[in-house]
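For the sequence shown, the working numbering assigns the number 30 to the initial residue and increments by one for each residue that follows. Glycine included, C-beta positions come from ideal geometry on N, C-alpha and C. Take a look at the structure set out below.
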Amino acid sequence: MKTTYKYFIILLVLVFSSPNLFAQNEIQRVRIDFETPIGFVRHLLLGFTPDNAASDGFDYGYDAPNIENHPDDMNWMIDGNRYVIQGVGAFDENKYYPLGMFLTNSGDIKISLFALENFIIPINVYVYDVVTDEYTHINSEDYTNTMSSGEYLDRFYLTFMEGHMDPSVLSISENNFEDFQLKYTKESRRLTINSQNLNSIDKIELFSVTGQQILEFQMERNSEEVIILPELSDQFLVVALKHSKGVFYKKIAIQF
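Okay, structure coming up:
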């Protein structure tokens with residue numbers, strides 16, 4: 030099995046890497062690197078097929094799953110599964126591709142652009158952070174952050190145009206959470222979450238507006254949860270409500 034998989038990976042590398050195999054219809058490639066808190070570097074490849082031979086879903090012969098078990102890693106996410114190579118259709122600057130980050134270790138991470146291949150005109154490549162609602166143009170600067178251990182499945186995307194992503198589109202619709210009430214009391218630093226459907230939420234995470242995780246809280250399946258926040262200098266917090274269908278992000282004011 031491992032031998033067969035090695036041949037499969039070699040074939041994919043040849044398909045996506047050889048400049049001569051597709052002289053008349055070349056695959057365009059975006060190569061990015063992810064550096065973990067302990068210094069391991071994961072190489073990721075996104076290939077655009079000009080003839081739309083591949084899709085945004087799984088395509089046999091174009092997508093290579095991640096079969097390694099590193100303590101810290103980043104992968105392309107296709108239908109909830111992890112890949113190190115993803116082949117898609119023709120390049121479209123309006124598209125975005127989700128990245129899953131998996132960290133056993135907390136610490137500094139970095140996402141960088143390694144190479145662009147077979148683009149007549151160089152393209153812009155951005156890392157979009159849903160929590161901060163910010164784009165990092167990795168053609169000119171690396172995306173860096175200090176991350177806590179955990180899985181980040183709905184936070185990071187690779188995209189090619191700035192300003193067109195909507196965090197509410199990438200998370201659960203706000204209409205699904207209109208019966209939830211978030212209330213922050215400054216004097217006691219109490220964040221109260223109230224709803225009759227609170228048992229549909231698995232976990233709550235709090236982030237600063239710069240994307241740093243401040244607190245992670247497992248739900249107790251009550252109709253009301255009260256979280257006492259630490260003293261913070263931020264004026265706003267981002268609350269992430271994690272649900273089996275995705276993540277809902279809400280920015281709240283904590284200083285007036």
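Check: Opposing strand residues paired with A82 [DSSP bridges]; Outcome: DSSP, once it has assigned bridges, lists no residue as partnering A82.
Check: G129 in three-state terms, based on DSSP; Outcome: strand
Check: Cβ-Cβ distance between V268 and L235 below 7 Å; Outcome: yes
Check: T78 versus R58 - alpha carbon distance; Outcome: 9 Å
Check: Simplified DSSP state of Y91, which is helix, strand or coil; Outcome: coil
Check: Meets three-Cβ-pair contact criterion under 8 Å: the segment 144-153 and the segment 92-108; Outcome: no
Check: Inter-residue spacing [alpha-carbon to alpha-carbon] between F29 and I233; Outcome: Only positions 30 to 285 of the chain appear in this structure, which leaves residue 29 out of reach.
Check: V154 (DSSP reduced to helix, strand or coil); Outcome: coil
Check: Selection from R71, Y125, A119 and Q247 that minimises the alpha carbon distance to V156; Outcome: Y125
Check: Bridge partner(s) assigned by DSSP for K215; Outcome: DSSP lists no partner for K215.
Check: Per DSSP, the bridge partner or partners of M176; Outcome: G136
Check: Through-space distance from E64 to G136, alpha-carbon basis; Outcome: 11 Å
Check: Close Cβ partners of A282 (< 6 Å) along its chain, the five nearest in sequence each way excluded; Outcome: F265
Check: Rounded separation between A82 and V117 - CA only; Outcome: 8 Å
Check: Sub-7 Å separation of R218 and I257 beta-carbons; Outcome: yes
Check: Candidates I96, D158, E254 and Y89: closest to H193 by CA position; Outcome: D158
Check: Which listed residue (D85, G68 and P66) has its alpha carbon closest to that of L75; Outcome: D85
Check: Residue burial classification, V301 (beta-carbon count within 10 angstroms, cutoff 16); Outcome: Shown here, the chain extends from 30 to 285; a query on residue 301 therefore has no answer.
Check: Proximity winner among V238, E253 and S237, relative to N223 (alpha-carbon distances); Outcome: E253
Check: Beta-bridge pairing of F148 - partner residues as DSSP gives them; Outcome: Answer is none; F148 lacks a bridge partner.
Check: R60 - partner residues in DSSP beta bridges; Outcome: L74 and A144
Check: Paired residues, beta bridge with G116 - DSSP; Outcome: G76
Check: Counterpart residues of Q264 in DSSP-defined beta bridges; Outcome: None; Q264 has no bridge partner.
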